[in-house]
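Throughout the sequence shown, residue numbering follows our numbering, covering 46 to 283 in sequence.
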Amino acid sequence: MESHSTPQSVAQAFQTVYVTANNSEINVVGRDQYNFNTKEKGMQILQKLICVSATVNSGSHRHSTCAEGTREDILSEIRNWKENSDDRLMWILGPAGYGKYSIMQTLVNECEENGSWSASFFSRENETEMQNTANSFFSTIAYELATKIPQLEKEIEKAVESDTVFQRKSLEYQFSLLIKKPLMATTPGIRSRVIIFIDALDECTKEDERDKIISLVGIAASTLGINFLITSRNDDSI
Numbered sequence: 046m047e048s049h050s051t052p053q054s055v056a057q058a059f060q061t062v063y064v065t066a067n068n069s070e071i072n073v074v075g076r077d078q079y080n081f082n083t084k085e086k087g088m089q090i091l092q093k094l095i096c097v098s099a100t101v102n103s104g105s106h107r108h109s110t111c112a113e114g115t116r117e118d119i120l121s122e123i124r125n126w127k128e129n130s131d132d133r134l135m136w137i138l139g140p141a142g143y144g145k146y147s148i149m150q151t152l153v154n155e156c157e158e159n160g161s162w163s164a165s166f167f168s169r170e171n172e173t174e175m176q177n178t179a180n181s182f183f184s185t186i187a188y189e190l191a192t193k194i195p196q197l198e199k200e201i202e203k204a205v206e207s208d209t210v211f212q213r214k215s216l217e218y219q220f221s222l223l224i225k226k227p228l229m230a231t232t233p234g235i236r237s238r239v240i241i242f243i244d245a246l247d248e249c250t251k252e253d254e255r256d257k258i259i260s261l262v263g264i265a266a267s268t269l270g271i272n273f274l275i276t277s278r279n280d281d282s283i
């Protein structure tokens, strides 16, 4: 993936990286154990498999946004990227305690308020439910997109119903089933309006699984034309 130098308007504490870039039951063993009735709709099944703690309205979040008049440089830079840039991935690196979460929460709230087609995943390494986030990562993203984009809901529901034990399979398979194929069934105009927020990627799952997620996100940005905004600490393992 191609990267460019940090824009001067971004606060010095941050580094910004652009990348072009019958009625039987099925038992699923994973983070939790669920029983699915095959008569359940795909969205009903998918809802049981998301990581609730990672969603924007989760009660486990402090829901802290930027105070009025603060972080204007970085917020303006991100908004300009979102509206005008051909680069599909923006990665913000910064040390702990510098407000990355508040920046993301501010922007996610803006998308929620104006009805933008967005999904988000807020990682927290100290959350019990986050012990196996890799397995629920694409389920959570897919569910949020499906609830906001009517043209996508039917495709994702159909995908889940075609393989209700997908979470027992590889991340590459889950990405293809839940994200790539459903989005490819839509138009480029729809895809270009989608933005996915991933906060604290360095706290998300194990290193090898995180590497796979990063690779798949890069593929989604470069081949599907959807937008990603990611934050993390400047971790050498990423």
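Glycine included, every Cβ here is placed at the ideal spot set by N, Cα and C.
Output yes or no for whether 9 Å exceeds the beta carbon distance between V205 and S165. As a working mapping, residue 205 is identified with position 160 in the sequence shown. As a working mapping, residue 165 is identified with position 120 in the sequence shown. Taking 9 Å as the Cβ cut-off, V205 and S165 do not qualify as a contacting pair.
Would you kindly work out how many angstroms separate the C-alpha atoms of T178 and C249, rounded to a whole number? Against the sequence shown, residue 178 aligns to sequence position 133. Against the sequence shown, residue 249 aligns to sequence position 204. Approximately 7 Å, taken between the alpha carbons.
Straight-line Cα distance separating I186 from A266: Within the sequence shown, numbered from 1, the residue matching residue 266 stands at position 221. Within the sequence shown, numbered from 1, the residue matching residue 186 stands at position 141. Using only the alpha carbons, I get a separation of about 14 Å.
Output needed for N272: all residues of its chain with C-beta closer than 6 Å, excluding positions within five of it in sequence on either side, in chain order. Position 227 of the sequence shown holds residue 272. Excluding sequence neighbours, N272 sits near R133, I240.
In angstroms, rounded to a whole number, what distance separates the CA positions of R278 and Y218? Walking along the sequence shown from the start, residue 278 turns up at place 233. Walking along the sequence shown from the start, residue 218 turns up at place 173. Each residue's alpha carbon lies about 28 Å from the other.
With 16 as the cutoff for other CB atoms within 10 Å, does S181 come out buried or exposed? Here the question's residue 181 lines up with position 136 in the sequence shown. Burial call: buried.
Since A179 is in the alpha helix (DSSP H), which residue starts that stretch and which ends it? Position 134 of the sequence shown, counting from 1, holds the residue named residue 179. Element bounds for A179: 178-193.
Rounding to the nearest angstrom, what Cα-Cα distance links Q196 and T231 in this structure? Translated into the one-based positions of the sequence shown, residue 196 becomes position 151. Translated into the one-based positions of the sequence shown, residue 231 becomes position 186. Taking the straight line joining both Cα atoms gives about 7 Å.
Run through DSSP, which three-state label would D280 get? In the sequence shown, counting from the first residue as 1, residue 280 sits at position 235. Here D280 sits in coil by DSSP.
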